[in-house]
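Numbering (this note's numbering), first residue to last: 611 to 789. Here a beta-carbon is modelled for each residue, glycine too, at the ideal position from N, C-alpha and C. Just so it is clear, the structure is predicted and the values come from calculations on it, not from any experiment.
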Amino acid sequence: MNRILLILAFAAAALHADESKHRIIGISEPSRVDDLRELVKTIAGVELVNVDPATTEIVLRYELSALFPSINPKKPPAEEAITQKLDSLLKAASRGTFTLKPPATLAEDKMEKIEIQAGLLDCMACRYGAYIAIAKLDGVEHASISQTNLLTAWIDPAKVKREDLLAALKKGRVEVLTP
Numbered sequence: 611m612n613r614i615l616l617i618l619a620f621a622a623a624a625l626h627a628d629e630s631k632h633r634i635i636g637i638s639e640p641s642r643v644d645d646l647r648e649l650v651k652t653i654a655g656v657e658l659v660n661v662d663p664a665t666t667e668i669v670l671r672y673e674l675s676a677l678f679p680s681i682n683p684k685k686p687p688a689e690e691a692i693t694q695k696l697d698s699l700l701k702a703a704s705r706g707t708f709t710l711k712p713p714a715t716l717a718e719d720k721m722e723k724i725e726i727q728a729g730l731l732d733c734m735a736c737r738y739g740a741y742i743a744i745a746k747l748d749g750v751e752h753a754s755i756s757q758t759n760l761l762t763a764w765i766d767p768a769k770v771k772r773e774d775l776l777a778a779l780k781k782g783r784v785e786v787l788t789p
């Protein structure tokens with residue numbers, strides 16, 4: 611009996627072709643985690659295994675045959691092609707509100723935390739706009755915005771500075787209360 615269970619467990623594990631870790635842009639506030647979970651359920655062959663809202667890192671499990679129906683099993687696609695396909699599926703399903711980035715390469719203790727108080731952003735879409743203005747900048751490892759409009763960004767200080775974040779917010783027409 612134990613042998614049969616072991617074989618069944620192995621077979622179930624073998625069904626999952628791969629898992630990959632990414633950072634995700636789009637988790638601007640805690641409620642967006644639930645949005646992401648529901649969204650991924652609509653994408654055939656893709657499953658959200660784990661999400662860490664604090665670091666915006668996610669683990670996706672996917673079936674290669676679902677992502678690439680005409681795949682040659684002897685010649686699987688490169689990791690970059692898989693990431694591009696997953697990103698394209700997420701963007702399409704979310705109308706561009708979720709996108710993938712590579713996992714952070716900088717250790718947490720090397721990142722610098724920057725907080726910026728934004729002015730009046732009275733709806734979720736307005737807060738998302740302010741968040742996205744800084745989250746997509748090269749050197750921003752992860753970012754968030756609170757219900758009180760406090761933008762928090764964890765940055766690589768070798769790539770981006772506070773002034774760059776302020777300039778991006780100004781370009782996005784976001785009022786900044788604390789420079």
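Open item on the list: So, does the segment 755-765 touch the segment 689-704, judging by three or more C-beta pairs under 8 Å?
Closed with: no
TODO: Could you tell me whether the segment 651-670 touches the segment 721-732, using the rule of 3 or more Cβ pairs below 8 Å?
DONE: no
Open item on the list: I need the straight-line Cα distance from SER675 to LEU731, nearest angstrom please.
Closed with: One-based indexing of the sequence shown puts residue 675 at position 65. One-based indexing of the sequence shown puts residue 731 at position 121. Computed Cα separation, rounded: 43 Å.
- [ ] Return the bridge partner residues of ALA753 from the DSSP annotation.
- [x] Start at 1 with the first residue of the sequence shown, and residue 753 comes out as number 143. According to DSSP, which records beta bridges pairwise, ALA753 is partnered with ALA763.
- [ ] Determine the direct distance from the alpha carbon of GLU639 to that of SER630, and round the result to whole angstroms.
- [x] Working through the sequence shown from its first residue, we reach residue 630 at position 20. Working through the sequence shown from its first residue, we reach residue 639 at position 29. Rounded to whole angstroms, SER630 to GLU639 spans 23 Å at the Cα level.
Open item on the list: I'd like to know whether the C-beta atoms of HIS632 and LYS711 end up nearer to each other than 8 Å.
Closed with: As a first step, residue 632 must be located in the sequence shown, where it is residue number 22. As a first step, residue 711 must be located in the sequence shown, where it is residue number 101. In contact: HIS632 and LYS711 (Cβ atoms closer than 8 Å).
TODO: From the DSSP output, in three-state form, read off ARG783 for me.
DONE: Counting from one through the sequence shown, the residue named residue 783 turns up at place 173. Correct three-state label for ARG783: coil.
Open item on the list: With a threshold of 6 Å on Cβ separation, who are the neighbours of LEU779 within its own chain once the five nearest residues in sequence on each side are excluded?
Closed with: Your numbering for residue 779 matches position 169 in the sequence shown. The answer, listed in chain order, is ALA743, VAL786.
Task: Residues near VAL750 by beta carbon distance below 7 Å, same chain, minus five either side - done: Here residue 750 refers to the residue found at position 140 of the sequence shown. Around VAL750: ILE744, ALA763, ILE765, VAL770.
Open item on the list: Is the separation between the beta-carbon of GLU657 and that of LEU670 shorter than 8 Å?
Closed with: Taking the sequence shown and counting its residues from 1, the one referred to as residue 657 is at position 47. Taking the sequence shown and counting its residues from 1, the one referred to as residue 670 is at position 60. Yes, they are a contact pair.
Task: Beta bridge counterpart(s) of ARG633 as assigned by DSSP - done: Position 23 of the sequence shown, counted from the first residue, corresponds to residue 633. Bridge partners of ARG633: GLU667, LYS711.
TODO: Name the one or two DSSP bridge partners that VAL661 has.
DONE: Taking the sequence shown and counting its residues from 1, the one referred to as residue 661 is at position 51. DSSP output for VAL661 lists ILE668 as bridge partner(s).
- [ ] Leaving aside the five residues before and after HIS752 along the sequence, list all residues of the same chain whose C-beta is less than 6 Å from its C-beta, in chain order.
- [x] Indexing the sequence shown from 1 puts residue 752 at position 142. Answer for HIS752: THR665, THR666, TRP764, listed in chain order.
Open item on the list: On a Cα-Cα basis, can you pick out the residue from PRO767, LEU747, SER756, TYR738 that is closest to ALA717?
Closed with: Position 107 of the sequence shown, counted from the first residue, corresponds to residue 717. Here the closest residue by C-alpha is PRO767.
TODO: For SER680, count neighbouring Cβ atoms within 10 angstroms of its own Cβ and tell me buried if that reaches 16, exposed if not.
DONE: Taking the sequence shown and counting its residues from 1, one reaches residue 680 at position 70. It is exposed - the Cβ of SER680 has fewer than 16 other Cβ atoms within 10 Å.
Task: Backbone CA spacing between GLY655 and ALA714 [nearest angstrom] - done: Stepping through the sequence shown from its first residue, residue 655 is reached at position 45. Stepping through the sequence shown from its first residue, residue 714 is reached at position 104. Roughly 25 Å separates the two Cα atoms.
- [ ] Report yes if the C-beta distance between VAL661 and LEU646 is below 8 Å; otherwise report no.
- [x] For the purposes of this step, residue 661 is identified with residue 51 of the sequence shown, where counting begins at 1. For the purposes of this step, residue 646 is identified with residue 36 of the sequence shown, where counting begins at 1. Cβ distance < 8 Å, so VAL661 and LEU646 count as in contact.
- [ ] For the alpha helix (DSSP H) holding LYS701, just list the boundary residues, first then last.
- [x] The sequence position of residue 701 within the sequence shown is 91, counting from 1. Its alpha helix (DSSP H) spans residues 689-704.
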